[in-house]
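Data first, discussion second: the structure below is written as structure tokens.
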Amino acid sequence: MRANTVVCLGCMLCNRVMDCARSFPRCERCQQSLPWIAAADDVTFADIVSSAPVPVLVDIGDGDEGNERVAGTAAVHLAIERAGALKLVKVDNEASPNLVQRFAASSPTLLLMDHGRVLARHRGALSIATLRCWLDDAVRDQRPVSASPPVARSNPGHSG
Ligand SMILES: [Zn+2]
878 MRANTVVCLG
888 CMLCNRVMDC
898 ARSFPRCERC
908 QQSLPWIAAA
918 DDVTFADIVS
928 SAPVPVLVDI
938 GDGDEGNERV
948 AGTAAVHLAI
958 ERAGALKLVK
968 VDNEASPNLV
978 QRFAASSPTL
988 LLMDHGRVLA
998 RHRGALSIAT
1008 LRCWLDDAVR
1018 DQRPVSASPP
1028 VARSNPGHSG
């Protein structure tokens, strides 16, 4: 299983963060949540995405690291900003033909997934601000709506 070295923004300790884990990674020293950024392909996707304990932002696109896309940059920014609540998984579309077909993601695509279920999807690049709003909307839409008061619809009466 792949692991990344992640520097804790709280105490600057270098931590090893596994791509796949049962709980969100925390700093060994100060217990602050660490940004969780992993990579997945056709083989590892189920383990890395479906088993994640938090919603997963899946960034399917060109895996060329030397040509960082706007969408990828915004996604990384949000993963750092929302450490503890959001996992980012990058998928190289050229190395993952099955995933590209499964999610119809021939062009760069963002998916928000929770336990293997797609909550929302967006095709193309998003700015950081737009991505933040998109994530908020997608998560809010998943909350039960039973707590909200019923909408009273009064019909003005005369219809025809
Ligand atoms: Zn720390």
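The sequence shown stops at residue 1037 when you use our numbering, and every number in between is there.
Ideal Cβ positions, reconstructed from N, Cα and C, are used throughout, including at glycine.
As the structure is a computational prediction, the values presented were derived from the model and not from experiment.
Among Arg1000, His999 and Leu989, which has the Cα closest to the Cα of Gln1019?
In the sequence shown, the residue the question calls residue 1019 occupies position 142. Ranking the options by Cα distance to Gln1019, first place goes to Leu989.
Does at least one heavy atom of ligand 1 sit under 7 Å from the Cβ of Arg893?
Counting from 1 along the sequence shown, the entry for residue 893 is found at position 16. No, ligand 1 has no heavy atom inside 7 Å of this Cβ.
Through-space distance from Ser910 to Cys885, alpha-carbon basis
Translated into positions along the sequence shown, residue 885 becomes position 8. Translated into positions along the sequence shown, residue 910 becomes position 33. Roughly 8 Å separates the two Cα atoms.
From Thr882, Thr921 and Leu963, residue whose alpha carbon lies closest to that of Cys897:
Looking up residue 897 in the sequence shown gives position 20. Cα-wise, what sits closest to Cys897 is Thr921.
How far does the alpha helix (DSSP H) with Leu1003 in it reach, from first residue to last?
Along the sequence shown, one-based indexing puts residue 1003 at 126. Note, Leu1003: premise wrong, no alpha helix (DSSP H); not H, not E.
Short check: CB of Val859 to CB of Ala962, under 8 Å?
Since the first residue shown for the chain is 878 and the last is 1037, residue 859 is missing from the structure and cannot be characterised.
With 16 other Cβ atoms within 10 Å as the buried cut-off, status of Gly938
Reading the sequence shown from its first residue, position 61 is the one you call residue 938. The residue is buried, with at least 16 neighbouring Cβ atoms inside 10 Å.
What distance in whole Å lies between the Cβ atoms of Val894 and Ala880, which are believed to be in contact at a cut-off of 8 Å?
Here residue 880 refers to the residue found at position 3 when the sequence shown is read from its first residue. Here residue 894 refers to the residue found at position 17 when the sequence shown is read from its first residue. Confirmed, about 6 Å.
Which one of Ala997, Arg1017, Gly993 and Ala972 has the shortest CA to CA distance from Ser928?
Here the question's residue 928 lines up with position 51 in the sequence shown. With distances taken between Cα atoms, Ser928 lies closest to Gly993.
To which residues of the same chain is Ile957 closer than 6 Å at the C-beta, ignoring the five residues directly before and after it?
For the purposes of this step, residue 957 is taken as the residue at position 80 of the sequence shown. Here the set comprises Pro912.
Considering only DSSP beta bridges, list what His954 is partnered with.
The residue given as residue 954 occupies position 77 in the sequence shown. In the DSSP output, where bridge partners are listed per residue, His954 has none listed.
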